[in-house]
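Q: The structure follows.
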Amino acid sequence: MMDEPWWEGRVASDVHCTLREKELKLPTFRAHSPLLKSRRFFVDILTLLSSHCQLCPAARHLAVYLLDHFMDRYNISTSKQLYTVAVSCLLLASKFEDREDHVPKLEQINSTRILSSQNFTLTKKELLGTELLLLEAFSWNLCLPTPAHFLDYYLLASVSQKDHHCHTWPTTCPRKTKECLKEYAHYFLEVTLQGDSWDPKAEPPTPSPPTQGSRSGSSQTHVYPDQASHWGLCTQITLTLQATSKERARISPVCYQ
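Shown next, in the form of C-alpha cells:
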C-alpha cells in the first residue's frame with residue numbers, strides 16, 4: 494500500500510482515469526442467482542465483520558462485489574458453502590485493499606455470534622481452498638473498481654472556500670462542512686450495498702428474487718450507477734449531499750463555528 498492516499502497524490506488524475514477505464518470493462522451483474530434472497534443477510538455479515546476488523550470501505554465494497562458476481566456465475570448448494578464463499582470474499586478483499594494487520598483472523602471469524610449460531614466452524618483449509626477458487630473465477634484479477642474507490646477523489650472537490658450557503662453567506666468552516674458531507678456520502682454507499690437494484694428517481698425497491706433453482710426471469714439491474722453517466726450521476730449525488738449538509742449548517746450554525 495502507498496503511504497499517501499492516491500487521491501491526494503500528483504498522479505491522482507491518472508489513477509482516476511485508469512480506474513474509470515477498468516470500471517467500464519467490468520462484467521454486468523445479472524442478478525440471476527437462485528440464492529439472491531439470501532444476499533442481504535450475507536452482506537450484513539460482511540459489513541459486521543469488516544466493521545469489527547476496522548477494514549476500509551474499499552475492502553468492504555470489493556468483498557460484496559466478489560460475492561455478487563461469484564453467486565451470479567456459480568451454483569452454491571449448501572448454507573455452509575455460501576458462508577465460506579462470503580467470508581473468503583472478505584478475506585481476499587482485505588488482503589488486496591487494506592493493511593495486513595487488519596485482515597480478519599480465523600479465530601475472529603469463528604467467534605462471531607452469527608457464525609457460532611450456525612453450529613459449524615470454518616477451517617483454514619476450507620477458506621484457502623475457496624480463496625483459490627475465487628481467484629481462478631476472477632482470473633486472478635482483484636483490481637475491480639467499486640463506488641468506494643472513487644468517493645474520496647470526488648470529495649476533494651466537494652467543498653471549497655468559495656462555496657456559499659443558500660447563495661447569501663460564505664461557508665464558515667469548509668473542513669467541518671466536508672466532514673459532514675463525507676459522513677452522508679459514506680452512509681449512502683452503505684445503503685447501496687443492501688440492495689441489488691437502484692434507481693435514483695424511485696423509492697428503494699424490494700428485491701424480488703427468481704424462483705429457487707432458476708437463473709432466468711430476473712429483471713433486476715446492477716447495484717452500481719450506469720457507467721455511461723458515471724461522472725454526471727456521481728456529481729449529482731455529491732451536490733445533493735452538499736446541499737443537505739449546507740441546509741443542516743443553516744439550521745444549526747453553531748456546529749460550524
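Residue numbers for the sequence shown, in the working numbering: 494 to 750. Yeah, the Cβ is synthetic: ideal placement off N, Cα and C, and Gly gets one too.
With distances taken between CB atoms, is the gap from L620 to T577 smaller than 8 Å?
A: yes
Q: Looking at the structure shown, is R606 part of a helix, part of a strand, or coil, going by DSSP?
A: helix
Q: Measuring from the CB of L541, is there a heavy atom of the ligand GDP at a distance below 7 Å?
A: As far as ligands go, the structure on display features none, and thus does not contain the ligand GDP.
Q: Please classify L649 as buried or exposed, where buried requires at least 16 other C-beta atoms within 10 Å of its C-beta.
A: L649 comes out exposed.
Q: Among H679, D561, A579, which residue has its Cα nearest to the Cα of L519?
A: Cα-wise, what sits closest to L519 is D561.
Q: Could you pull out every residue in the same chain whose Cβ sits closer than 6 Å to the Cβ of F589, ignoring the five residues on either side in sequence?
A: Contacts found: L635.
Q: So L585 and L548 are in contact, right, with Cβ under 8 Å, and what is the actual spacing, rounded?
A: About 12 Å separates the two Cβ atoms, so there is no contact after all.
Q: In terms of residue numbering, what span does the alpha helix (DSSP H) encompassing I538 cover?
A: 532-545
Q: I'd like the list of long-range same chain contacts for V508, defined as Cβ closer than 7 Å, with 5 residues on each side in sequence excluded.
A: These residues qualify, in order along the chain: W499.
Q: Would K617 pass as a contact of L599 if the rule is Cβ separation under 8 Å?
A: yes
Q: By DSSP, does Q705 sit in helix, in strand, or in coil?
A: Low confidence applies to Q705: its pLDDT is 35, below 50, so where it sits in the model is not reliable enough to give any reading.
Q: Work out the CA separation of F613 and A630 for me, nearest whole Å.
A: Taking the straight line joining both Cα atoms gives about 26 Å.
Q: With a CB to CB cut of under 6 Å and the five nearest residues on each side skipped, what residues in its chain are close to R553?
A: S543
Q: Which residue's Cα is closest to the Cα of V536: K671, M564, V596, H595?
A: Of the residues K671, M564, V596, H595, the one whose Cα lies closest to the Cα of V536 is M564.
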